[in-house]
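Notes follow once the structure below has been shown.
Residue numbers (the working numbering): 58 to 196.
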């Protein structure tokens, strides 16, 4: 993960505007700092801001790797992409405290609405990244 970079807007699009499932711009370690490894044993938790640039390696063992992700956000931090994946996640969202907001907050970031093809919702993030890398190498 790249510490203290949760307020920077990294590009996640391919040249054709499609969502790549990964940061597509060059990440200069001098500009954004040194990546930090967050290796954790089974049963561990990692807490970070949702916009913190991070990655994980695919599971190469013969045992399944389960992950549970809890997201906490302000009621005015609503997802701007309304595709089936986000729609299904929102069905499980619970408002914990305070008043529900009727307006979305954007802050200093200019939100990007990704172009996510229908078949991308059925693919793993690793598959999307593999396809994105192939497209980047071809161009």
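Note that the Cβ used here is the ideal one computed from N, Cα and C, for glycine as well.
Quantities reported herein were computed from a predicted structural model and do not represent experimental measurements.
In the DSSP assignment, find the unbroken alpha helix (DSSP H) run with residue i in it and report its ends.
{"i": "residue 183", "result": "182-195"}
Name the DSSP bridge partner or partners of residue i?
{"i": "residue 70", "result": "76"}
For residue i, name the three-state secondary structure that DSSP assigns.
{"i": "residue 146", "result": "helix"}
{"i": "residue 88", "result": "helix"}
{"i": "residue 161", "result": "coil"}
{"i": "residue 155", "result": "coil"}
{"i": "residue 177", "result": "helix"}
Would you mind giving the Cβ-Cβ distance between residue i and residue j, rounded to the nearest angstrom? I have them listed as a contact below 8 Å.
{"i": "residue 186", "j": "residue 97", "result": "Contact doesn't hold; Cβ gap of about 21 Å is too wide."}
{"i": "residue 95", "j": "residue 58", "result": "6 Å"}
{"i": "residue 80", "j": "residue 69", "result": "6 Å"}
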